[in-house]
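Undergrad: Quick one: the structure is below, questions incoming.
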Amino acid sequence: SQTIHQWPATLVQPVGSPLSLECTVEGTSNPNLYWYRQAAGRGLQLLFYSVGIGQISSEVPQNLSASRPQDRQFILSSKKLLLSDSGFYLCAWSVKGGGYEQYFGPGTRLTVT
Amino acid sequence: KNQVEQSPQSLIILEGKNCTLQCNYTVSPFSNLRWYKQDTGRGPVSLTIMTFSENTKSNGRYTATLDADTKQSSLHITASQLSDSASYICVVRKGSGTYKYIFGTGTRLKVLA
Numbered sequence: 003s004q005t006i007h008q009w010p011a012t013l014v015q016p017v018g019s020p021l022s023l024e025c026t027v028e029g030t031s032n033p034n035l036y037w038y039r040q041a042a043g044r045g046l047q048l049l050f051y052s053v054g055i056g057q058i059s060s061e062v063p064q065n066l067s068a069s070r071p072q073d074r075q076f077i078l079s080s081k082k083l084l085l086s087d088s089g090f091y092l093c094a095w096s097v098k099g100g101g102y103e104q105y106f107g108p109g110t111r112l113t114v115t
Numbered sequence: 277k278n279q280v281e282q283s284p285q286s287l288i289i290l291e292g293k294n295c296t297l298q299c300n301y302t303v304s305p306f307s308n309l310r311w312y313k314q315d316t317g318r319g320p321v322s323l324t325i326m327t328f329s330e331n332t333k334s335n336g337r338y339t340a341t342l343d344a345d346t347k348q349s350s351l352h353i354t355a356s357q358l359s360d361s362a363s364y365i366c367v368v369r370k371g372s373g374t375y376k377y378i379f380g381t382g383t384r385l386k387v388l389a
């Protein structure tokens, strides 16, 4: 069976500090991978998606970046965090084809102070 | 503009009662619509998926309906349980883009004993 992991589960970082969130998927190959952010009282916002190693597409301009160094590893990074980066970050995967269900990870709660 | 709007924003019901959540969308072209359940601090989990030709689909005590003409969907929960307390998110996949999932802001349901 497939599983998706995210870590850390919670993170408190000061403004201006770097960020690295990691997501890994097990039990499937060549998945589509996604990073979402969920702010309080708002819907999920797609940040990045990837169809393969090294292939990253950004949905919104921001000070975040993403990388996919391995087939089932997706990393969300920032060089300098802003207060507005606080939120609940969710990683998701789906089978190629686009019509299939997205499976979400447990999420990372990021608080920038 | 591609949007997904859900109502009510929040709902409180007594255990054992039924409830109906609404989702209106303006996403075009339409591919499919999913309802997700998201427990607090967790990733969303899919309840149902509906394509253009489907009117009703059930998953246990959850029944989703879709009216593609009026671009409306509903999620009916029968005989609610305490464990139904969660946010319910309506997500519409846009047909022209493989990765275009438009998320509603969700309905927060609280079931009281």
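Here the protein sequences come in this chain order: W and S.
Just remember that the numbering used here sits 2 ahead of the position in the first sequence, which is counted from 1.
Just remember that the numbering used here sits 276 ahead of the position in the second sequence, which is counted from 1.
Quick reminder that beta carbons are idealized off the backbone N, C-alpha and C, glycines included.
1) Can you look up S:Asp343 in the DSSP assignment and give me helix, strand or coil?
2) What does S:Tyr364 reach in chain W if we use C-beta pairs closer than 7 Å?
3) Give the DSSP-derived three-state secondary structure of W:Leu83 in the structure shown.
4) Nearest to S:Pro305 by alpha carbon, out of S:Asn278, S:Gly336 and S:Leu388?
5) Quick one, which residues of the region 37-67 of chain W are near chain S if we go by CB-CB under 9 Å, in chain order?
6) Suppose the cutoff is 8 Å on Cβ atoms and the five residues either side in sequence are ignored; what does the same chain contact list for S:Leu287 look like?
7) At the level of alpha carbons, what is the spacing between W:Thr115 and W:Leu85?
8) Thinking W:Leu92 and W:Tyr38 are a contact (beta carbons under 8 Å), I'd like their distance in whole angstroms, please.
9) Between the beta-carbon of W:Glu28 and the beta-carbon of W:Thr5, is there less than 8 Å?
10) Could you check whether the Cβ of S:Ile288 sits closer than 8 Å to any Cβ belonging to chain W?
11) Report the option in W:Ser31, W:Asn65 and W:Thr110 whose CA atom is closest to the CA atom of W:Gly89.
12) Does the CB of W:Gly107 have a neighbour CB from chain S at under 8 Å?
13) Run the CB neighbour count on S:Leu232, radius 10 Å, all protein chains shown included, and call it buried at 16 or more, exposed below.
14) From the beta carbon of S:Ser304, is the nearest beta carbon of chain W less than 8 Å away?
15) Take S:Gly371 as the anchor and find which of S:Ser356, S:Ser359 and S:Phe328 has the nearest alpha-carbon.
16) Please determine, among W:Pro20, W:Leu66, W:Val14 and W:Tyr36, the residue with the shortest C-alpha to C-alpha distance to W:Lys98.
17) I need the boundaries of the beta strand (DSSP E) containing W:Leu35, first residue and last residue.
18) Measuring straight from C-alpha to C-alpha, what distance separates S:Leu309 and W:Asn32?
19) Quick check on the burial criterion: 16 or more other C-beta atoms within 10 angstroms. Buried or exposed for S:Val303?
TA: Judging by the given coordinates:
1) By 1-based counting over the second sequence, the position of residue 343 of chain S is 67. DSSP places S:Asp343 in the strand class (E or B) of the three-state scheme.
2) Counting from one through the second sequence, the residue named residue 364 of chain S turns up at place 88. Ordered by position in chain W, no residue passes the 7 Å Cβ test against S:Tyr364, which lies about 12 Å from the chain.
3) As a working note, residue 83 of chain W is residue 81 in the first sequence. Here W:Leu83 sits in coil by DSSP.
4) Counting from one through the second sequence, the residue named residue 305 of chain S turns up at place 29. Per the Cα distances, S:Asn278.
5) Taking 9 Å as the cut-off between beta carbons, the residues of the region 37-67 of chain W near chain S are Tyr38, Gln40, Gly43, Arg44, Gly45, Leu46, Gln47, Leu48, Tyr51, Val53, Ser59 and Glu61, in sequence order.
6) Taking the first residue of the second sequence as 1, we reach residue 287 of chain S at position 11. The answer, listed in chain order, is Cys295, Leu297, Thr383, Arg384, Leu385 and Lys386.
7) The residue given as residue 115 of chain W occupies position 113 in the first sequence. The residue given as residue 85 of chain W occupies position 83 in the first sequence. Straight-line measurement puts the Cα of W:Leu85 at about 7 Å from the Cα of W:Thr115.
8) Along the first sequence, one-based indexing puts residue 92 of chain W at 90. Along the first sequence, one-based indexing puts residue 38 of chain W at 36. Right, the Cβ-Cβ distance comes to about 4 Å (below 8 Å), so this counts as a contact.
9) For the purposes of this step, residue 28 of chain W is identified with residue 26 of the first sequence, where counting begins at 1. For the purposes of this step, residue 5 of chain W is identified with residue 3 of the first sequence, where counting begins at 1. Contact: yes.
10) In the second sequence, counting from the first residue as 1, residue 288 of chain S sits at position 12. No, no contact with chain W.
11) By 1-based counting over the first sequence, the position of residue 89 of chain W is 87. Ranking W:Ser31, W:Asn65 and W:Thr110 by Cα distance to W:Gly89 puts W:Thr110 first.
12) Position 105 of the first sequence holds residue 107 of chain W. Chain S contact via Cβ: present.
13) With chain S covering only 277 through 389, there is no way to say anything about residue 232 of chain S.
14) Mapped onto the second sequence, residue 304 of chain S falls at position 28. Taking 8 Å as the threshold, the shortest C-beta distance from S:Ser304 to chain W does not fall below it.
15) Working through the second sequence from its first residue, we reach residue 371 of chain S at position 95. Residue S:Phe328 holds the alpha-carbon nearest to the alpha-carbon of S:Gly371 among S:Ser356, S:Ser359 and S:Phe328.
16) Within the first sequence, residue 98 of chain W is the residue found at index 96, counting from 1. Cα-wise, what sits closest to W:Lys98 is W:Tyr36.
17) Locating residue 35 of chain W in the first sequence gives position 33, counting from the first residue. Taken as a continuous stretch (DSSP letters only), the beta strand (DSSP E) holding W:Leu35 covers Asn34 to Gln40.
18) Position 33 of the second sequence, counted from the first residue, corresponds to residue 309 of chain S. Position 30 of the first sequence, counted from the first residue, corresponds to residue 32 of chain W. The C-alpha of W:Asn32 is placed about 24 Å away from the C-alpha of S:Leu309.
19) Taking the second sequence and counting its residues from 1, one reaches residue 303 of chain S at position 27. Buried.
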